[in-house]
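If you read the sequence shown in this note's numbering, its first letter stands for residue 1185, the second for the next number, and so on.
Even for Gly, the Cβ is constructed at its ideal location relative to N, Cα and C.
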Amino acid sequence: MPSNILRHEKIGSTLIIKIVLERLQQGAAAMDDIREHAASREHGAYEAMLGCLSLLLDLGYIKEVKGRYSSVQGFHGHRFLEDFTKMLNDEGILRKLFNQKAVVRDGGRIYINNKGIPLECSQIRNFFFDSKIILKEEEYLYRYYVSDSYVDLFLSKVLPFVDKGLRHRITLKELEKSLEDKAERGKEAEKFVLKYEQEARQKHPGWENIRIISEEDVGAGYDIQSYQSDASTELDKFIEVKSYFSSRRFYWSRNELERAEELGSQYCLYIVDSSRIGEQGYEPEIIENPCKRLEGWTETCETLRYDPEPRGPEKAE
């Protein structure tokens, strides 16, 4: 039986869905009672209630008898989203929503161009946005991106239903913009670490010798030369700076790895969250002698990917 989902301007969010289902697990209730209950707990619930209940009826999560609604099953985050996306796919809505004009893969990010979403599907887009499944891209007025928490769900439960050709689609302009942004963030992170090191060694007579070396020798295997302590008589600390934005991952090249093995305890990784550089008191994460801490690293061709939450050794595809 076809759903009525596109007939409603608003269908709420996962939080509103959860509030409604938790209320109905306490006992059957009329729409007005459910609406008042949800509206007292979440902004926008009042206006979205008709669409919300209609969606839950279509999914079989609730039933309605003589104007009173009762629970059939409870709310389980990702399980609900899987059921929701399956229903959207079965009715051909998913392909309309995340069409070839709307979805772009760029590295580990999944971007959604708002201009590519049909007006008739705007309430579905709003559901994903209000549920914080997709987030607004700051640099582009009409673009969203899939939250890191839901990328795996999107890859396994959404994109397989959509044209395979769009999965790695990216325009030259977008690629150039992405590379420029990454390069700029990398330079900012290096300058941040340089200042951090100079301030830490301001009592050292040679603190002005602390400098960025990568601008002179890109194959050095590290970015900054510094001192291990104020007692150091020569530059004996070699820093590779890695920055990240949103997703706390980065890549470590084979050349950098070999240099780290050679330098041992003199080699450090400084990991910088680009979004926090301007934050007062923020300090980079420091990994000394990183070759001794290879847990959580995945080898992929000529690079190693760092994931702060290791899931055991695995070969990267």
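Using CA coordinates, which residue listed in the options is at the minimum distance from residue i?
| i | options | result |
| --- | --- | --- |
| threonine 1269 | Ser1410, Thr1198, Leu1208 | Thr1198 |
| serine 1255 | Asp1332, Tyr1451, Ala1212, Phe1376 | Ala1212 |
| serine 1427 | Val1456, Arg1443, Leu1447, Trp1436 | Val1456 |
| lysine 1361 | Asp1290, Ser1398, Ile1317, Ser1413 | Asp1290 |
| arginine 1443 | Gln1209, Lys1421, Lys1194, Gly1462 | Lys1421 |
| isoleucine 1394 | Leu1419, Tyr1406, Glu1372 | Leu1419 |
| glutamine 1409 | Tyr1454, Ala1367, Leu1241, Gly1370 | Tyr1454 |
| tyrosine 1411 | Gly1235, Phe1313, Leu1363, Tyr1451 | Tyr1451 |
| lysine 1285 | Met1271, Gly1300, Glu1275 | Gly1300 |
| tyrosine 1380 | Leu1272, Ile1470, Phe1434, Lys1341 | Ile1470 |
| glycine 1258 | Phe1429, Glu1323, Leu1241 | Leu1241 |
| histidine 1388 | Thr1417, Arg1369, Cys1475 | Thr1417 |
| histidine 1192 | Lys1371, Gln1307, Ser1333, Glu1445 | Gln1307 |
| tyrosine 1326 | Pro1302, Asn1298, Ser1333 | Asn1298 |
| histidine 1221 | Gly1235, Leu1237, Val1204 | Val1204 |
| arginine 1263 | Lys1341, Glu1383, Glu1440 | Lys1341 |
| alanine 1367 | Tyr1324, Phe1429, Val1335, Arg1309 | Phe1429 |
| leucine 1239 | Tyr1324, Gln1464, Tyr1253 | Tyr1253 |
| glutamate 1226 | Gly1261, Ile1246, Asp1314 | Asp1314 |
| glutamine 1464 | Gly1235, Glu1321, Phe1376, Lys1280 | Phe1376 |
| leucine 1272 | Cys1475, Lys1371, Ile1189 | Ile1189 |
| serine 1125 | Pro1468, Glu1472, Gly1276, Glu1322 | Here the chain covers residues 1185 to 1501 and nothing more, so residue 1125 does not appear. |
| proline 1468 | Ala1229, Glu1372, Leu1278 | Glu1372 |
| glutamine 1386 | Ser1413, Val1330, Ala1229, Ile1246 | Ser1413 |
Going by DSSP, what residues sit across from residue i in a beta bridge?
| i | result |
| --- | --- |
| alanine 1128 | Any question about residue 1128 goes unanswered here, given that the chain covers just 1185 to 1501. |
| asparagine 1297 | Arg1327 |
| serine 1410 | Lys1421 |
| aspartate 1290 | Arg1293 |
| isoleucine 1318 | Val1330 |
| glutamate 1248 | Tyr1253 |
| lysine 1426 | Ile1455 |
| arginine 1395 | Gln1409 |
Let me know if residue i comes out buried or exposed under the rule of 16 or more other beta-carbons within 10 Å of its beta-carbon.
| i | result |
| --- | --- |
| valine 1249 | exposed |
| proline 1344 | exposed |
| tyrosine 1328 | buried |
| lysine 1316 | exposed |
| serine 1224 | exposed |
| aspartate 1274 | exposed |
| glycine 1251 | exposed |
| serine 1398 | buried |
| isoleucine 1201 | buried |
| tyrosine 1466 | exposed |
| tyrosine 1334 | buried |
| tyrosine 1512 | In this structure the chain extends from 1185 to 1501, so residue 1512 is not present and cannot be described. |
| arginine 1219 | buried |
| alanine 1415 | exposed |
| alanine 1214 | exposed |
| glutamate 1322 | exposed |
What is the rounded straight-line gap between the Cα of residue i and the Cα of residue j?
| i | j | result |
| --- | --- | --- |
| glutamate 1374 | valine 1402 | 13 Å |
| serine 1437 | glutamate 1424 | 11 Å |
| serine 1459 | glycine 1196 | 30 Å |
| glutamate 1498 | alanine 1404 | Note that glutamate 1498 has pLDDT 40, beneath the 50 cutoff, so the model's placement of it is unreliable and the number below is only indicative. Whole-angstrom Cα-Cα distance: 29 Å. |
| methionine 1233 | aspartate 1365 | 42 Å |
| lysine 1194 | tyrosine 1295 | 23 Å |
| aspartate 1216 | leucine 1337 | 34 Å |
| phenylalanine 1282 | glutamate 1392 | 53 Å |
| glycine 1244 | isoleucine 1461 | 48 Å |
| glutamate 1400 | leucine 1363 | 21 Å |
| glutamine 1209 | phenylalanine 1312 | 24 Å |
| glutamate 1266 | leucine 1339 | 12 Å |
| alanine 1159 | tyrosine 1406 | Not covered by the structure: residue 1159. The range shown for the chain is 1185 to 1501. |
| arginine 1477 | valine 1288 | 35 Å |
| glutamate 1446 | glutamate 1304 | 60 Å |
| arginine 1207 | glycine 1292 | 38 Å |
| asparagine 1310 | glutamate 1231 | 13 Å |
| leucine 1378 | glycine 1276 | 53 Å |
| cysteine 1148 | glycine 1261 | Residue 1148 lies beyond the range of the chain shown here (1185 to 1501); nothing can be said about it. |
| lysine 1320 | proline 1474 | 35 Å |
| tyrosine 1324 | lysine 1280 | 22 Å |
| glutamine 1382 | glycine 1390 | 10 Å |
| asparagine 1439 | isoleucine 1318 | 37 Å |
| aspartate 1332 | alanine 1229 | 26 Å |
| arginine 1369 | lysine 1247 | 52 Å |
Closer than 6 Å: is that where the CB of residue i sits relative to any heavy atom of the ligand NAD?
| i | result |
| --- | --- |
| isoleucine 1317 | Questions concerning the ligand NAD fall outside what the structure shown contains, since it holds no ligand whatsoever. |
Fill in: Entirely enclosed alpha helix (DSSP H) segments - the segment 1428-1478, minimum 4 residues
1438-1447
Item to complete: Please specify which runs of the alpha helix (DSSP H), each continuous and at least 4 residues long, are wholly inside the segment 1214-1243, giving them in chain order.
Response: 1215-1223, 1229-1243
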